[in-house]
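Beneath this line is the structure, given in structure tokens, with notes to follow.
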């Protein structure tokens, strides 16, 4: 069976929230001798992209998304040797929930999917001050900071990070991705808090970060 | 006709002078009364005063018991993040795993300081407003309740991957949910609004709700000795709304702002009360004129069938919302009633 067929089977397992079935599929793929990194890029990643399309059509719930993220995590653990990071070929990124925000589920899932897609993820956790986001991004050489907020009130705290980035003359070079439930309800809030872009869900975070990284390189 | 009569008349299908108007103005009361959020959510008298300020300012058709779910988390060892800009939030849960939750005894609400604050504030509101303005108690639904004790991530993982364990957890926590609901009623709440996030399409597909959560809702509702409104928690609920009529003591269903009100009516039939469905977040960025127009559209859709209450859909109206937007809701309901009467005058 080729990688496209395996990916379709994995996608079906994800949509059906069949975690055990997905594990079996990955075991079979690896037993057939497919390189683990190829499993990630050609089996897991296309399935995730398809899930993103479903989510865009509002045909997936958080429950299904949660199961999908666990399947992605299971796949990563099987394909990446214990103790090592993912390939990290796409570069470092920094993520976290903005100051006063404690809703970690979405951010955690974003971290899993970004990791699966090949980013080296520096997850700063909940209630992160803007200064720490910037300091970490500069330290690790990230081109994108991903900030999560669930509520409108906490989303406005992101503005301070926007100002910090701009004050350092890093606008355009260091991109600001924003996300969380409130941005899905009010897309105009992305611009209001100074975001360079947003993804509706964890599954499409890779596409957003890839675009922002490319734009950052073009400026640099 | 006072607010109590208006709301009770609407719920029971009797003629009323106008459509009742609800708005979630818990934290907003602090803005009106001049007290800090910390004060109104720790001092029952201050909370009651803040609701009186809401009532005096807007004259809406409810007063609300404290809407502060993080106090449930605190009752199980969790921590609260306080802010002067928003309703206090759960910072971290107190229990790390389903196993620990199963070994944690469920307290009587009256014995827990944070919950006894809520109960005392309810008692004071009931003393002031009994049979004048409905006292509406607010609490999280039985199926989302464990997330306040152990965190949403671990709870979702348990629900989705360990069905038997999830069932045990719910069997363990359901008595606490029921006792909190009955305690609110005992202190004078006229009706309970039960926010069940597991019923929203954003959280769980219909099959998951119907198979795993609806039986829990049905079982616990039958043990609560008072009327209950089933609330959407900010998401959409129309995908399961047809399953709700017939629940024991169901007084109504609050639908989300992105639910279609007409579709909701078709799905529940003519006798079920519907509450909603103004966009909650819109209050911060919309003018009073816009809110008036939005309210008018809701009234045109919902009011002709009766059994309808105009309300914002979601949690607290943002503190940054202008008072004029809330006034606009009520004015829309008054104007709608006036227009309805004119042909007969």
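Residue numbers (my numbering), protein chains in the order written: chain G, 1024 to 1243; chain L, 27 to 371. A virtual CB, placed ideally from N, CA and C, is assigned to each residue, including glycine.
Identification of residues in the stretch 171 to 193 of chain L having a C-beta nearer than 9 Å to some C-beta of chain G yields 177, 178, 179, 182, 183, 185, 186 and 187, given in sequence order. Within chain L, the C-beta atoms nearer than 7 Å to that of residue 1085 (chain G) come from 228 and 229, in chain order. Within the DSSP bridge table, the entry for residue 169 (chain L) names no partner. Between residue 1151 (chain G) and residue 1179 (chain G), the C-beta spacing is not below 9 Å.
The beta carbon of residue 204 (chain L) is closer than 7 Å to those of 246, 249 and 250 in its chain, skipping five residues each way along the sequence. Considered as a whole, the stretch 216 to 304 of chain L harbours 217 to 221, 254 to 257 and 276 to 280 as its complete beta strand (DSSP E) runs of no fewer than 3 residues, in chain order. Around residue 117 (chain L), the beta-carbon contacts reaching into chain G at under 7 Å are 1125. Inclusion of residue 94 (chain L) and residue 144 (chain L) in the CB contact set at 9 Å is warranted, their separation being smaller than that value. The C-beta of residue 107 (chain L) comes closer than 9 Å to at least one C-beta of chain G. Around the beta carbon of residue 216 (chain L), a 10 Å sphere encloses 16 or more other beta carbons of the protein chains shown; the residue is thus reported as buried. The shortest CA-to-CA distance from residue 1040 (chain G) to any of G:1095, G:1241 and G:1066 is the one to G:1095. Between the C-alpha atoms of residue 1059 (chain G) and residue 268 (chain L) there is a straight-line separation of about 47 Å.
The alpha-carbon separation between residue 1220 (chain G) and residue 272 (chain L) amounts to approximately 45 Å. Between residue 1199 (chain G) and residue 1209 (chain G), the C-beta spacing is not below 9 Å. Following the DSSP letters along the chain, one finds residue 338 (chain L) inside the beta strand (DSSP E) bounded by residues 334 to 339. In the pairwise beta carbon analysis, the stretch 1061 to 1075 of chain G is classified as touching the stretch 1026 to 1035 of chain G: at least three pairs are separated by under 8 Å.
Between the C-alpha atoms of residue 1085 (chain G) and residue 43 (chain L) there is a straight-line separation of about 42 Å. Following the DSSP letters along the chain, one finds residue 1086 (chain G) inside the alpha helix (DSSP H) bounded by residues 1085 to 1102. DSSP places residue 1199 (chain G) inside the beta strand (DSSP E), whose first and last residues are 1198 to 1202. At least one CB of chain G lies nearer than 9 Å to the CB of residue 345 (chain L). Residues of chain L whose Cβ lies closer than 7 Å to the Cβ of residue 1175 (chain G) are, in chain order, 307, 310 and 344.
Annotated three-state conformation of residue 121 (chain L) is coil, per DSSP. DSSP places residue 201 (chain L) in the uninterrupted alpha helix (DSSP H) bounded by 189 to 212.
Shown here for residue 228 (chain L): same chain residues with a beta carbon closer than 8 Å to its own, the five before and five after excluded, namely 261 and 262 in chain order. At least one C-beta of chain L is nearer than 9 Å to the C-beta of residue 1131 (chain G). With a beta-carbon spacing of about 16 Å, residue 1159 (chain G) and residue 1133 (chain G) fall beyond the 8 Å limit used to define contacts. Against residue 234 (chain L), the close residues of chain G are 1086, in the order they occur along the chain (beta-carbon pairs closer than 7 Å). Using beta-carbon distances, residue 1100 (chain G) does not count as an interface residue toward chain L, since no partner is under 9 Å.
Chain L places no beta carbon closer than 9 Å to that of residue 1138 (chain G), leaving this residue out of the contacts. Taking a contact to require three or more Cβ pairs closer than 8 Å, the stretch 37 to 54 of chain L and the stretch 117 to 124 of chain L do not qualify as touching. For residue 139 (chain L), no beta strand (DSSP E) segment is defined; the enclosing uninterrupted segment is the alpha helix (DSSP H) at 139 to 155.
In the three-state reduction of the DSSP assignment, residue 43 (chain L) falls in the coil class, being assigned neither a helical nor a strand state. In this structure, the beta-carbon distance from residue 281 (chain L) to residue 265 (chain L) does not fall below 9 Å.
Taking a C-beta distance under 9 Å as the contact criterion, residue 175 (chain L) and residue 106 (chain L) do not qualify as a contact pair.
Listed by position along chain G, the residues whose Cβ is nearer than 7 Å to that of residue 111 (chain L) are 1176. Between the stretch 1226 to 1242 of chain G and the stretch 295 to 303 of chain L, the count of Cβ pairs shorter than 8 Å is below three; the stretches do not touch.
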